[in-house]
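See below for the structure under consideration.
Numbering (my numbering), first residue to last: 106 to 361.
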């Protein structure tokens with residue numbers, strides 16, 4: 106229902122509104138009012154290289170949320186405006202009290218995290234499991250808005266998807282230790298590279314796995330983008346798998 110309302114709002118947005126400027130001003134205003142934005146109020150755009158339309162652009166908000174152009178865009182500028190438009194509308198909706206992390210949100214997020222980790226869908230969310238650590242992290246952040254919390258949430262979704270939380274559990278790490286460690290870490294190139302290396306190792310053990318997972322991730326990202334959904338987790342998954350795929354190809358070319 107929220108997605109439908111956002112699309113309707115976007116359709117009514119007139120061409121005279123500079124949504125790119127409006128989006129930046131919105132987050133600068135939030136920062137000025139004391140919002141906890143550890144990376145500042147800068148809105149970051151990423152245009153996907155292409156020589157022909159439709160062009161695609163992603164925008165990452167200060168809290169870590171990511172949105173993409175959801176329309177068929179004939180120019181790069183229009184793709185940027187499209188991504189800014191959907192991000193602005195979500196930013197506005199995010200101010201509503203119902204968008205804060207609640208018990209209902211936690212239950213939904215835990216279900217999605219479990220479903221996203223292939224082969225461990227039946228894992229219980231007890232106190233000593235990866236899912237348990239994820240739930241604990243969410244519960245310690247109740248009251249924050251979803252967009253402001255997105256980067257931290259994505260870190261734990263990726264750790265669960267990549268199998269890192271399970272590995273920590275096997276090393277007898279407590280969920281408090283896991284949450285304390287990763288709550289202060291940014292989702293950066295070092296973390297992406299480590300996960301990419303994990304997937305290269307899996308590819309060496311199971312040839313063809315990486316290409317299959319990358320194709321699935323690309324389809325998931327495309328579907329979510331065109332639906333106007335929040336994209337940080339599916340985009341990071343795709344980028345990590347693409348990084349692993351590229352590094353594997355470079356290594357193969359050097360050895361050939």
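Cβ coordinates follow ideal geometry from the N, Cα and C atoms, glycine included.
Curious, which full-length beta strand (DSSP E) runs of at least 3 residues does the stretch 285-326 contain? With a minimum length of 3 residues, no continuous beta strand (DSSP E) run stays inside the stretch 285-326.
Residue 179, buried or exposed, once every other Cβ within 10 Å from all chains shown has been counted against 16: Taking all protein chains in view, the Cβ of residue 179 is surrounded by fewer than 16 other Cβ atoms within 10 Å, so the residue is classified as exposed.
Which term fits residue 199, buried or exposed, when burial requires 16 or more other beta carbons within 10 angstroms of its beta carbon? Per the 10 Å Cβ criterion, buried.
Could you tell me whether the stretch 329-344 touches the stretch 162-176, using the rule of 3 or more Cβ pairs below 8 Å? Taking a cut-off of 8 Å for Cβ pairs, the stretch 329-344 and the stretch 162-176 touch, as three or more such pairs fall below it.
Using 10 angstroms around the beta-carbon of residue 147, count the other beta-carbons present and answer buried if the total reaches 16, otherwise exposed. Residue 147 comes out exposed.
Going by the beta-carbon positions, is the gap between residue 192 and residue 162 smaller than 8 Å? For residue 192 and residue 162, no; Cβs fall outside 8 Å.
Pick out whichever of 196, 125, 212 and 244 has its Cα sitting closest to the Cα of residue 280. Ranking the options by Cα distance to residue 280, first place goes to 244.
Nearest-angstrom Cα distance between residue 282 and residue 314? Take the alpha-carbon of residue 282 and the one of residue 314: they are about 32 Å apart.
Given a cut-off of 8 Å, decide if residue 166 and residue 196 are closer than it, judged by their beta-carbon atoms. Yes, the Cβ-Cβ distance between residue 196 and residue 166 is below 8 Å.
Residue 160 to residue 177, Cα distance in whole Å? When rounded, the distance between both Cα atoms is 7 Å.
Range covered by the beta strand (DSSP E) that runs through residue 151: Segment 149-152, the beta strand (DSSP E) holding residue 151.
So who's on the other strand from residue 172, going by DSSP bridges? Note: residue 172 sits in a beta bridge opposite 164.
Go to residue 184, then tell me how far its alpha helix (DSSP H) extends in each direction, as first and last residue. For residue 184, the enclosing alpha helix (DSSP H) starts and ends at 181-198.
Here's the rule: buried if 16 or more other CB atoms are within 10 angstroms of the residue's CB, otherwise exposed. What is residue 226? For residue 226, the predicted model reports a pLDDT of 48, less than 50, meaning its position is unreliable and no value from the coordinates is stated.
Pick from 272, 182, 190 and 143: whose alpha carbon is nearest that of residue 154? Checking every option, the nearest Cα to that of residue 154 belongs to 182.
Does the separation of the CB atoms of residue 341 and residue 292 fall below 8 Å? It is a contact, given that the beta carbons lie within the stated cut-off.
Can you tell me which residues form a DSSP beta bridge with residue 328? DSSP, once it has assigned bridges, lists no residue as partnering residue 328.
Could you give the first and the last residue of the continuous alpha helix (DSSP H) run that contains residue 274? Per DSSP, residue 274 belongs to the alpha helix (DSSP H) from 269-275.
Within 10 angstroms of the Cβ of residue 276, are there 16 or more other Cβ atoms? Answer buried if so, exposed if not. Answer is exposed; the Cβ neighbour count stays below 16.
For residue 250, name the three-state secondary structure that DSSP assigns. Assignment of residue 250 by DSSP, reduced to helix, strand and coil, places it in the strand class.
Grab the span of the alpha helix (DSSP H) containing residue 127 for me, first residue to last. First-last of the alpha helix (DSSP H) with residue 127: 124-137.
Contact check, residue 318 vs residue 353, beta carbons under 8 Å: Not in contact: residue 318 and residue 353 (Cβ atoms no closer than 8 Å).
Which residue or residues does DSSP assign as beta-bridge partners of residue 205? The partner list for residue 205 (beta bridge, DSSP) reads 250.
Give the straight-line distance between the Cα atoms of residue 125 and residue 300, rounded to the nearest whole angstrom. Cα to Cα, residue 125 sits roughly 33 Å from residue 300.
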